[in-house]
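Peer 1: Numbers -25 to -1, 1 to 298, taken from mature numbering (1 follows the signal peptide of the UniProt record, and there is no 0), label the letters of the sequence shown in order. Ideal Cβ positions, reconstructed from N, Cα and C, are used throughout, including at glycine. Mind looking over this structure? Questions follow.
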Amino acid sequence: MGFAPMSVIELVLVLSLSFFHGGEGVLSTLDGPFKPVTVPLDNSSRGKAVDLSDTDPVVQRVVEGFEPEQISLSLSATYDSVWISWITGEFHIGYNITSLDPKTVASVVQYGMYGLPITDEATEDQYKWLERDLASVDREVTPWLVAAWHPPWYSTYMAHYREAECMRVEMEDILYKYGVDIVFNGHVHAYERSNRVYNYTLDPCGPIHIVVGDGGNREKMAIAHADEAGNCPEPSTTPDEYMGGFCAFNFTSGPAEGKFCWDRQPDYSAYRESSFGHGILEVQNETHALWTWHRNKDMYNLAGDEIYIVRQPDRCPVESGGT
């Protein structure tokens, strides 16, 4: 998928094939959809922290590149987009890959800054690659399907609000069709987890969207929300130069019908918090995965957000390479 310039994203995927015991007191997506929760920025938690300028020696880059080795080896050109797919343990993000082989990368890697809509030849290639890759997954063999790209489709922060709408309009159907379980994004420098959602509507078979662009960035924390009074952006200002056009119009149905923004935290937004942090996804078996998000300022044993993401293949059948 198309990538915009990256901010720091902290995400750790921990694969566990142990028997699932269930965490006492930890809710699951089966308990949802959840009433939206907002945790605002707590300035008191900053202590004696100070914001350093870009020119301060402490924050100067001393190494180049942050990609995994196999991706770095491929990025010999100066393009802004990479489509990549691989399998790790029970995760599918590709095909014809030996599980847990750190030297092996996806079936296909392609480069270039591609816009939307898919009538554009280059973007059509990208779309066909995505559909071919998703269609190849045998969910009996590889039950979990996780997608990640930079700009979020479902973020309620004022920063970058609905910038990737063209991408969502063109590609959300195909992710839903093939039953993508979880979507990870960055770009917005805060944390947010959605309820299961499809086309801005609560849907028990839709993916969970998690924005983890909160690893830290010189642009500082995203604090304002688009649904707060006076914060709704002018629609004409929302297109991002990397996203390929303007597709964000007023909603045509639901509580925000006729408006560009909700006037409260949207139903699809389960939890949002303006804090820097990092997350761990622990896949426990073919139906249960534990997602835990930690604030950087907290001790490791204190979770800021934690939930079991539960797949329901019987309730939500999807197209699979094994059928």
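1. Ignore the nearest five residues each way along the sequence and tell me which others in P179's own chain have a CB closer than 6 Å to its CB.
2. What are the start and end residues of the alpha helix (DSSP H) that includes R143?
3. Quick check: the Cα distance between S130 and F9, rounded to an integer number of angstroms?
4. Quick one: Cα of V1 to Cα of L105, how far?
5. Taking C-alpha atoms, which residue in T13, G254, G154 lies nearest to N276?
6. Return the CA-CA distance between S295 and T212, expressed in angstroms with no decimal places.
7. Under 9 Å between the Cβ atoms of K272 and S250?
8. Ignore the nearest five residues each way along the sequence and tell me which others in A197's own chain have a CB closer than 7 Å to its CB.
9. Do N160 and H125 have their beta-carbon atoms positioned less than 9 Å apart in this structure?
10. Under 9 Å, do V144 and A122 count as touching if we go by C-beta distance?
11. Between N160 and chain C, is the shortest Cβ-Cβ distance under 9 Å, so that the two count as touching?
12. Alpha carbon to alpha carbon, what distance is there between D202 and P241?
13. Any heavy atom of the ligand ADP closer than 8 Å to the Cβ of S295?
14. Pick out whichever of R168, V155, V116 has its Cα sitting closest to the Cα of G181.
15. Residues bridged to E281 by DSSP?
16. What would DSSP say about L2, mapped onto helix, strand or coil?
17. At what residues does the beta strand (DSSP E) containing Y136 begin and finish?
18. Less than 7 Å between C-beta atoms, sequence neighbours within five positions excluded: which residues of the same chain meet that for P15?
19. Ignore the nearest five residues each way along the sequence and tell me which others in I282's own chain have a CB closer than 6 Å to its CB.
20. Please go through the same chain and pick out, in chain order, the residues whose beta-carbon is closer than 8 Å to the beta-carbon of H269, but skip the five residues on each side of it.
21. In angstroms with no decimal places, state the Cα-to-Cα distance between S28 and P127.
22. Between G7, N225, R286, N192, which has its C-alpha nearest Q259's C-alpha?
23. What are the boundary residues of the beta strand (DSSP E) that includes R247?
24. Can you check DSSP and say which residues form a bridge with V121?
Peer 2: Short version:
1. The beta carbon of P179 is closer than 6 Å to those of R171 in its chain, skipping five residues each way along the sequence.
2. For R143, the enclosing alpha helix (DSSP H) begins and ends at 140 to 152.
3. Straight-line Cα distance between these residues: approximately 16 Å.
4. So the alpha carbons of these two residues sit roughly 34 Å apart.
5. The option with the nearest alpha carbon to N276 is G254.
6. Approximately 39 Å, taken between the alpha carbons.
7. Cβ atoms of K272 and S250: closer than 9 Å.
8. The residues are Y132, A134, V163, H164, A165, S249.
9. With contacts defined as CB atoms closer than 9 Å, H125 and N160 qualify as a contacting pair.
10. Their beta carbons are not under 9 Å apart, which means V144 does not touch A122 by this criterion.
11. Within the model displayed, chain C is absent; a lone protein chain is all it includes.
12. Those two C-alpha atoms are separated by around 8 Å.
13. The model depicted lacks the ligand ADP and carries no ligand whatsoever.
14. Measuring from the Cα of G181, the nearest candidate turns out to be V155.
15. For E281, which the question treats as bridged, DSSP gives the partners T267.
16. In the three-state reduction of the DSSP assignment, L2 falls in the coil class, being assigned neither a helical nor a strand state.
17. Run containing Y136: none; DSSP gives neither H nor E here.
18. These residues qualify, in order along the chain: S249.
19. Sequence-distant Cβ neighbours of I282 in its own chain, meaning closer than 6 Å and more than five residues away, are L2, W266.
20. Same-chain partners within the cutoff: G252, H253, G254, I255, Y275, L277, A278, G279.
21. Looking at the two C-alpha atoms, the distance is approximately 27 Å.
22. Checking every option, the nearest Cα to that of Q259 belongs to R286.
23. Membership of R247 in the beta strand (DSSP E) is indicated by the continuous run 244 to 248.
24. Bridge partners of V121: I157.
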